[in-house]
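So the protein lines, in turn, are chains A and B.
Counted the way the working numbering counts, the first sequence spans residues 4 to 356.
Counted the way the working numbering counts, the second sequence spans residues 127 to 379.
Here the structure is laid out as structure tokens; the discussion comes afterwards.
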Amino acid sequence: MPSLDMESSTALAVTLLDLHRHYGPVRALDGLTLEMTPGEMVVLLGPSGCGKTTALRILAGLDTATSGQVLVGGKEITRVPANKRDMGMVFQAYSLFPHLTVVDNVAFGLKLRGVDKRKRLARAEEMLALVGLAEHRDRYANQLSGGQQQRVALARALAIEPSVLLLDEPLSALDAKVRVQLRDEIRRIQLEVGTTTLFVTHDQEEALAVADRVGVMKDGRLEQLAAPTELYNRPATRFVAEFVGLSNRLPARLEGGSAHVLGNRVATLHGSAASGSGRALVRPEAIRLERAEDGNARVLTVAFLGPISRVMCTMDDGETVLVQVSSSLGATLTPHDRVRLTTGDDAVLVVAD
Amino acid sequence: MKGRLVRGLLIVPFAVFFLVPLLAMLDFSTRDGDGRSGRAWAALVENEQLREAIISSLLLALFTVVLMVVLLVPTMIWVRLRVPRASRMIEFLCLLPLAIPPLVIVVGISGVYAWVSYFLGNSALTLTFAYVVLVLPYAYRAVDSSLASVDAVTLSEAARSLGAGWVTVILRVVLPNIWTGVLAAAFISAALVLGEYVFASLLNFDTLPVVVALLGKSDAAVSVAASLAALMFAFVLLLLLSFAGRSRHAERT
Numbered sequence: 004m005p006s007l008d009m010e011s012s013t014a015l016a017v018t019l020l021d022l023h024r025h026y027g028p029v030r031a032l033d034g035l036t037l038e039m040t041p042g043e044m045v046v047l048l049g050p051s052g053c054g055k056t057t058a059l060r061i062l063a064g065l066d067t068a069t070s071g072q073v074l075v076g077g078k079e080i081t082r083v084p085a086n087k088r089d090m091g092m093v094f095q096a097y098s099l100f101p102h103l104t105v106v107d108n109v110a111f112g113l114k115l116r117g118v119d120k121r122k123r124l125a126r127a128e129e130m131l132a133l134v135g136l137a138e139h140r141d142r143y144a145n146q147l148s149g150g151q152q153q154r155v156a157l158a159r160a161l162a163i164e165p166s167v168l169l170l171d172e173p174l175s176a177l178d179a180k181v182r183v184q185l186r187d188e189i190r191r192i193q194l195e196v197g198t199t200t201l202f203v204t205h206d207q208e209e210a211l212a213v214a215d216r217v218g219v220m221k222d223g224r225l226e227q228l229a230a231p232t233e234l235y236n237r238p239a240t241r242f243v244a245e246f247v248g249l250s251n252r253l254p255a256r257l258e259g260g261s262a263h264v265l266g267n268r269v270a271t272l273h274g275s276a277a278s279g280s281g282r283a284l285v286r287p288e289a290i291r292l293e294r295a296e297d298g299n300a301r302v303l304t305v306a307f308l309g310p311i312s313r314v315m316c317t318m319d320d321g322e323t324v325l326v327q328v329s330s331s332l333g334a335t336l337t338p339h340d341r342v343r344l345t346t347g348d349d350a351v352l353v354v355a356d
Numbered sequence: 127m128k129g130r131l132v133r134g135l136l137i138v139p140f141a142v143f144f145l146v147p148l149l150a151m152l153d154f155s156t157r158d159g160d161g162r163s164g165r166a167w168a169a170l171v172e173n174e175q176l177r178e179a180i181i182s183s184l185l186l187a188l189f190t191v192v193l194m195v196v197l198l199v200p201t202m203i204w205v206r207l208r209v210p211r212a213s214r215m216i217e218f219l220c221l222l223p224l225a226i227p228p229l230v231i232v233v234g235i236s237g238v239y240a241w242v243s244y245f246l247g248n249s250a251l252t253l254t255f256a257y258v259v260l261v262l263p264y265a266y267r268a269v270d271s272s273l274a275s276v277d278a279v280t281l282s283e284a285a286r287s288l289g290a291g292w293v294t295v296i297l298r299v300v301l302p303n304i305w306t307g308v309l310a311a312a313f314i315s316a317a318l319v320l321g322e323y324v325f326a327s328l329l330n331f332d333t334l335p336v337v338v339a340l341l342g343k344s345d346a347a348v349s350v351a352a353s354l355a356a357l358m359f360a361f362v363l364l365l366l367l368s369f370a371g372r373s374r375h376a377e378r379t
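In structure tokens, the structure reads:
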């Protein structure tokens, strides 16, 4: 692995402060505040139109906030044009300059900075080695696969030693296998160079896999910003619970800070309804399934997904429940089998009906 | 194999259709009594009026192309990158000369040309302004299709994020990727200007087509030789264009 000049000590903190972006009556950003620590990778996750790309573009200087502030390393850059911001960006669409070779693409930003030819070529080659494409230096963009093009784009963005790295759904145009490979590679490289990174995606698996912290966005606001495990296990809102991972919405009765779900008593998460009845948001893997003739549900379908299987069941009261089991157990189940479903010990979020 | 045969069979009538008149022109322009001579072709250089007309037309073509490229290309790139909502209006304005008969345009601009002649003199080169308008529809189409084939917005944003200012974005990122379209616009414009008669004739300027038409009444052979030379020049331009397009394509594949 090539040695890099970039050290995490040079990484800068990023702050988006009460950002608003209005397009006529549409509020793409509605008071977004986000603080990133130096060297951290934050992933903004959310459905289309939630404002995640707008936030990234405002940070890049490619869009202008209606109000609010952008600070990098404590310095306000809200009105600084994109070409003076010193940020590296990888786009969703392939963005390599078609008239330049791979190495010239990577060296482009350095050329603009007046770095002499020998140094910039050396740096470009170093970056290409980092993304594993050193042998493709003299090719053109149309001679590379989609995954290779995005790697070169990443090398190009990193070559200028950016203060912040911005990734705008860089994997969404790639096929599933390449997406996973490149996703892991992006994380490896980010950890190696230590650049503060904002990654935007609508793919929750991608977000959970690479992020230090994930920010779930809805209607131009952050719903929750937390480490992947916390976000998954302790969703702060109904939207987060439903958007991240699969969730069953099971009838629950609240009583004294806990909830009765599937006949079990479980703790409730902060943000749950206080009393009365509601719906508990329970992950498929948090439900236990066992064969039992006197059980409370019946198997509808079994979907084999490699190491795990997803079993769709119907409760006796008509509720449909999705359960995740090991494939060894899944293989023994057939439609119409009687089973017993119970919840685990994990706390659940209970929302009003 | 079958496809090649069909192509071969198709090309023969087309070649005959285009080549026979050209050969007839060559034959007519080299006839001298019962024999052959290059008198008419030599007159292209020796006949002062014709020589000046050729130089005028070539300069007109050059100036028109330069002014068209300078005006149209940055405007189209800017509209695509920064004000896409204005693209309809630009398209409408650029295609307008196609909808208005040249005669009507000439009548409309003759008053303006009185002023142009007053300020810039009575040179045929002042036709450049009118010709830029005339070639707009064709040049617009060529540049527009080229711009549509690249994701200019993403490329410019990538360049901006790497530190490029707008001039660098246009000159070093977008222009090299639409070069074939700009070249096509330039060649088509040059070919149009070399063959334009209505504007020049009605505004009383002696360009090549006007002089060729005049000569046709006194010395038909010289007139035909000049026409053939102009046709061949335009043909060479278009041939160069197709080669330019092909070589750029080849270097990337």
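For each residue, glycine too, the CB sits at the ideal point set by N, CA and C.
Report yes if the CB atom of A/VAL342 is closer than 8 Å to the CB atom of A/ARG294, and no otherwise. Translated into positions along the first sequence, residue 342 of chain A becomes position 339. Translated into positions along the first sequence, residue 294 of chain A becomes position 291. Yes, the pair counts as a contact, with Cβ atoms nearer than the cut-off.
Cβ of A/ALA96 less than 8 Å from any chain B Cβ? Counting from one through the first sequence, the residue named residue 96 of chain A turns up at place 93. Yes, contact with chain B.
Whole angstroms is fine: what's the gap from B/ALA351's alpha carbon to B/SER344's? Along the second sequence, read from residue 1 onward, the residue named residue 351 of chain B stands at position 225. Along the second sequence, read from residue 1 onward, the residue named residue 344 of chain B stands at position 218. Between B/ALA351 and B/SER344, the C-alpha separation is close to 14 Å.
Residues in its own chain within less than 8 Å of B/ARG378 by CB, not counting five upstream and five downstream? Residue mapping note: residue 378 of chain B aligns to position 252 of the second sequence, counting from 1. Caution is warranted here: a pLDDT of 46 is assigned to B/ARG378, below 50, making its placement in the model unreliable, and no coordinate value can be reported.
Chain D beta carbons: is any one of them nearer than 8 Å to that of B/VAL293? Among the protein chains in the structure shown, which are A and B, there is no chain D.
Contact list for the stretch 182-209 of chain A against chain B, Cβ threshold 7 Å: none
Residues in the stretch 270-282 of chain B having any Cβ partner in chain A nearer than 8 Å: VAL276, ASP277, THR280, LEU281
Return the CA-CA distance between B/THR280 and B/GLU322, expressed in angstroms with no decimal places. On the second sequence, position 154 is the one that residue 280 of chain B refers to. On the second sequence, position 196 is the one that residue 322 of chain B refers to. Computed Cα separation, rounded: 39 Å.
For the alpha helix (DSSP H) that B/PRO228 lies in, which residues bound it at each end? Indexing the second sequence from 1 puts residue 228 of chain B at position 102. Run containing B/PRO228: 228-246, per the alpha helix (DSSP H) assignment.
So who's on the other strand from A/TYR143, going by DSSP bridges? Within the first sequence, residue 143 of chain A is the residue found at index 140, counting from 1. A/TYR143 pairs with A/THR104.
Sorted by chain position, which residues of the same chain lie with C-beta nearer than 8 Å to A/ARG140's C-beta, five sequence neighbours on each side aside? Here the question's residue 140 of chain A lines up with position 137 in the first sequence. Same-chain partners within the cutoff: THR104, VAL105, VAL106, ALA127, GLU128, LEU131.
Just to make sure I have the definition right: I need the residues of chain B whose C-beta is within less than 7 Å of the C-beta of A/ASN86. Which are they? Walking along the first sequence from the start, residue 86 of chain A turns up at place 83. Correct list: ARG286, GLY289, ALA290, GLY291.
Residue interval of the alpha helix (DSSP H) (run including A/ALA127): Residue mapping note: residue 127 of chain A aligns to position 124 of the first sequence, counting from 1. Start and end: 120-133.
Name the one or two DSSP bridge partners that A/GLU79 has. Along the first sequence, read from residue 1 onward, the residue named residue 79 of chain A stands at position 76. For A/GLU79, which the question treats as bridged, DSSP gives the partners A/LEU74.
Check distances from the C-beta atoms of the stretch 298-309 of chain B to those of chain A and list, in chain order, the residues that come in under 7 Å. VAL299, PRO302, ASN303
Any idea what DSSP makes of A/CYS53, helix, strand or coil? Working through the first sequence from its first residue, we reach residue 53 of chain A at position 50. Of the three classes helix, strand and coil, the one that applies to A/CYS53 here is coil, per DSSP.
Could you work out which residue in B/LEU207, B/ILE181, B/ARG298 is closest to B/ALA274 when comparing CA atoms only? Reading the second sequence from its first residue, position 148 is the one you call residue 274 of chain B. For the residues B/LEU207, B/ILE181, B/ARG298, the minimum Cα distance to B/ALA274 belongs to B/LEU207.
If B/PHE407 sits next to B/VAL232, beta carbons under 8 Å apart, how far is it from one beta carbon to the other, in whole angstroms? Nothing in the structure corresponds to residue 407 of chain B, since chain B is present only between 127 and 379.
Grouping DSSP H, G and I as helix and E and B as strand, with all else coil, what is A/ILE163? Translated into positions along the first sequence, residue 163 of chain A becomes position 160. Coil, per DSSP.
Where does the unbroken beta strand (DSSP E) through A/SER312 begin, and where does it stop? Residue 312 of chain A sits at position 309 when you count from the first residue of the first sequence. Here the beta strand (DSSP E) through A/SER312 covers 311-318.
Do we get a CB-CB distance below 8 Å when we pair A/MET39 with the residues of chain B? By one-based count along the first sequence, residue 39 of chain A stands at place 36. Chain B contact via Cβ: absent.
Taking all protein chains shown into account, decide if B/ASN303 is buried (16 or more other Cβ within 10 angstroms of its Cβ) or exposed. As a position in the second sequence, residue 303 of chain B is number 177, starting the count at 1. Its Cβ being crowded by 16 or more others within 10 Å, B/ASN303 is buried.
Any beta carbon from chain B within less than 8 Å of A/ARG24's own beta carbon? Position 21 of the first sequence holds residue 24 of chain A. No - not a single Cβ of chain B is within 8 Å of the one on A/ARG24.
State the Cα-Cα distance for the pair B/ALA95 and B/PHE359, rounded to the nearest angstrom. The structure shown does not extend to residue 95 of chain B, since chain B spans only 127 to 379, so no value can be given for it.
In the DSSP output, which residue or residues are listed as bridge partners for B/ILE296? Indexing the second sequence from 1 puts residue 296 of chain B at position 170. For B/ILE296, which the question treats as bridged, DSSP gives no partner whatsoever.
Hey, could you find the ends of the beta strand (DSSP E) A/TYR26 is sitting in? For this step, residue 26 of chain A is matched to residue 23 along the first sequence. Note, A/TYR26: beta strand (DSSP E), 17-26.
I'd like the span of the alpha helix (DSSP H) that includes B/PRO200, first residue to last. Locating residue 200 of chain B in the second sequence gives position 74, where the first residue counts as 1. Counting along the chain, the alpha helix (DSSP H) containing B/PRO200 begins and ends at 174-207.
Please list the terminal residues of the continuous beta strand (DSSP E) segment that includes A/VAL203. Along the first sequence, one-based indexing puts residue 203 of chain A at 200. Looking at the DSSP string, the run of the beta strand (DSSP E) that includes A/VAL203 is 199-204.
Own chain residues within Cβ distance below 8 Å of B/THR201, not counting five before or after: As a working note, residue 201 of chain B is residue 75 in the second sequence. The residues are ILE216.
Where DSSP assigns a beta bridge to A/ALA270, which residues make up the other side? Translated into the one-based positions of the first sequence, residue 270 of chain A becomes position 267. Looking at the DSSP assignment, A/ALA270 forms a beta bridge with A/SER261.
In whole angstroms, give me the CA-to-CA distance for A/GLU138 and A/ALA144. The residue labelled residue 138 of chain A in the question sits at position 135 within the first sequence. The residue labelled residue 144 of chain A in the question sits at position 141 within the first sequence. Taking the straight line joining both Cα atoms gives about 14 Å.
In terms of DSSP beta bridges, what is A/LEU284 paired with? Your numbering for residue 284 of chain A matches position 281 in the first sequence. Paired residues: A/ARG252, A/LEU352.
Excluding the five sequence neighbours on either side, which residues of its own chain have a C-beta within less than 6 Å of the C-beta of B/ARG267, listed in chain order? Here the question's residue 267 of chain B lines up with position 141 in the second sequence. If we look at B/ARG267 and ignore the five residues flanking it on each side, it has no Cβ neighbours.
Taking the Cβ atom as the reference point for each residue, do A/PRO28 and A/ASP89 lie within a distance shorter than 8 Å? One-based indexing of the first sequence puts residue 28 of chain A at position 25. One-based indexing of the first sequence puts residue 89 of chain A at position 86. In this structure, A/ASP89 does not lie closer than 8 Å to A/PRO28 by Cβ.
For B/VAL276, which of helix, strand or coil comes out of DSSP? Within the second sequence, residue 276 of chain B is the residue found at index 150, counting from 1. Residue state, collapsed to three classes: coil.
Name the residue from B/VAL195, B/GLY161, B/ASP270, B/ARG157 whose alpha carbon lies nearest to the alpha carbon of B/PRO210. Indexing the second sequence from 1 puts residue 210 of chain B at position 84. Minimum Cα distance to B/PRO210 is reached at B/ASP270.
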